[in-house]
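Residue numbers for the sequence shown follow the working numbering, so the first one is 6 and each next one is one higher.
Ideal placement from N, C-alpha and C gives every residue a C-beta, glycine not left out.
None of the values given here were measured: they were computed from a predicted structure.
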Amino acid sequence: MVEVLERRIDPECGCSVEDVVCHGIFMTIHHEDDGTGHIIVDCGEAGEDDFFTGPVKSMEELEQEADKLALKLLEQYGTEER
Numbered sequence: 006m007v008e009v010l011e012r013r014i015d016p017e018c019g020c021s022v023e024d025v026v027c028h029g030i031f032m033t034i035h036h037e038d039d040g041t042g043h044i045i046v047d048c049g050e051a052g053e054d055d056f057f058t059g060p061v062k063s064m065e066e067l068e069q070e071a072d073k074l075a076l077k078l079l080e081q082y083g084t085e086e087r
């Protein structure tokens, strides 16, 4: 499940950008005009990491990729109780 926190146009490149939360993981998804999408994950103190770059047809398809990525990360790293 993807919860969109903010939608905007990147002032540097003019591409569509969304800040989202997927299964408790904060991500920024970036859809470029050439059909390339990026999913950038906030890794806390470790910084940000670009976990997905690939062709996508729409922001909705990129949101679906973000959801899949979040589930994969949770399976791989688990969750942290606070």
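Return the first residue and the last residue of the beta strand (DSSP E) that residue i is part of.
i	result
residue 134	Limits of the chain in this structure are 6 at one end and 87 at the other, which puts residue 134 out of reach.
residue 42	41–47
residue 50	Where residue 50 is concerned, there is no enclosing beta strand (DSSP E), given that its DSSP letter is neither H nor E.
residue 32	30–36
Since residue i is in the alpha helix (DSSP H), which residue starts that stretch and which ends it?
i	result
residue 64	64–82
Tell me, please, which residues DSSP counts as bridged to residue i.
i	result
residue 60	41
residue 17	Looking at the DSSP assignment, residue 17 forms no beta bridge with any residue, so it has no partner.
Under 8 angstroms between the Cβ atoms of residue i and residue j?
i	j	result
residue 44	residue 10	no
residue 54	residue 7	no
residue 42	residue 61	yes
residue 34	residue 46	no
residue 18	residue 36	no
residue 26	residue 15	no
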